[in-house]
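>
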Ligand SMILES: Nc1ncnc2c1ncn2[C@@H]1O[C@H](COP(=O)(O)OP(=O)(O)O)[C@@H](O)[C@H]1O
Ligand SMILES: [Mg+2]
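In our numbering, the protein residues as written are 16 to 256.
1) If residue 98 and residue 162 are in contact, beta carbons under 8 Å, what's the gap, nearest whole angstrom?
2) Where does residue 134 sit, in a helix, a strand or coil, going by DSSP?
3) Please confirm whether any heavy atom of ligand 3 lies closer than 6 Å to the CB of residue 98.
4) I want to know whether the segment 201-221 touches the segment 229-239 - three or more CB-CB distances under 8 Å.
5) Helix, strand or coil, according to DSSP, for residue 256 in the structure here?
6) What does the shell around ligand 1 hold, if a residue joins when its beta-carbon is under 5 Å from any heavy atom?
7) May I ask you to report which of helix, strand or coil DSSP gives residue 232?
8) Can you find the residues in the same chain that come closer than 7 Å, C-beta to C-beta, to residue 187, ignoring five residues on each side of it along the sequence?
9) By Cβ distance below 6 Å, which residues in the same chain neighbour residue 244 in space, the five residues on each side in sequence not counted?
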């Protein structure tokens with residue numbers, strides 16, 4: 016079953032067509048990668064799906080239900096959560112507090128929210144930072160907090176927008192393992208990422224967009240050896256290993 020399906024999605028900003036008749040779908044339990052050059056429209060596509068921007072055209076279905084023009088909070092309660100490329104925690108508050116903000120999507124009881132938040136922190140090997148002020152975290156830790164906050168909403172599908180940017184190689188490896196663990200727990204993952212070795216290792220399928228349009232789709236191997244993809248994005252020096 017497709018948990019998410021997009022048909023001919025269009026998003027215009029004034030005269031600029033950021034997303035151009037994009038169609039794609041994700042099966043439940045899969046990891047779909049979305050790649051493309053800077054400005055290709057990846058984050059905009061995520062914003063349309065998550066209800067941040069109303070689409071100019073096309074249709075978005077989540078678990079079979081049309082969700083065009085639904086608000087982010089409403090979608091979050093239905094089980095669609097996203098992280099933002101620019102991470103903005105409540106800096107003066109603790110890690111635990113920030114994650115509990117996510118928990119309140121599915122409960123209004125503080126004790127339950129805390130219990131859910133602690134469970135997520137444990138899953139992400141992040142318990143030891145629960146009392147740290149979010150403002151004191153490193154970039155890598157902030158990305159982890161962002162994922163924790165999204166996970167605390169108990170999503171069916173998680174949209175990750177460049178959660179590995181700025182991480183050290185060892186942190187990237189750890190993040191890949193975390194994302195695989197989430198998928199093993201039944202969460203469907205839609206991931207935007209620039210770090211090729213990570214997206215190649217994670218994705219069941221990859222969609223490549225350029226100027227808002229899909230230029231390729233397939234397994235990581237298929238996409239990495241596609242001539243159009245190499246020209247538009249990977250560069251001539253990229254060699255499939
Ligand atoms: N809120 C906005 N208002 C106007 N233009 C935008 C807005 N958000 C993105 N854009 C433009 O849309 C295009 C796609 O941007 P974006 O989706 O952020 O690309 P990507 O995430 O692939 O790097 C870019 O040309 C960008 O400048
Ligand atoms: Mg982006």
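For glycine and all other residues, C-beta sits at the position ideal for the given N, C-alpha and C.
Let me lay it out:
1) Confirmed, Cβ separation roughly 6 Å.
2) Here residue 134 sits in helix by DSSP.
3) What this structure holds is ligand 1 and ligand 2, not ligand 3.
4) Yes, the segment 201-221 is in contact with the segment 229-239.
5) With a pLDDT of only 43 at residue 256, under the threshold of 50, the placement of this residue in the model should not be trusted; the figure read from the coordinates follows. Residue 256 falls in the coil class under three-state DSSP.
6) Residues with a Cβ closer than 5 Å to any heavy atom of ligand 1, in chain order: 28, 33, 53, 54, 55, 56, 57, 58 and 59.
7) Strand at residue 232.
8) Excluding sequence neighbours, residue 187 sits near 179, 210 and 213.
9) Within the same chain, residue 244 has close Cβ partners 223, 231 and 238.
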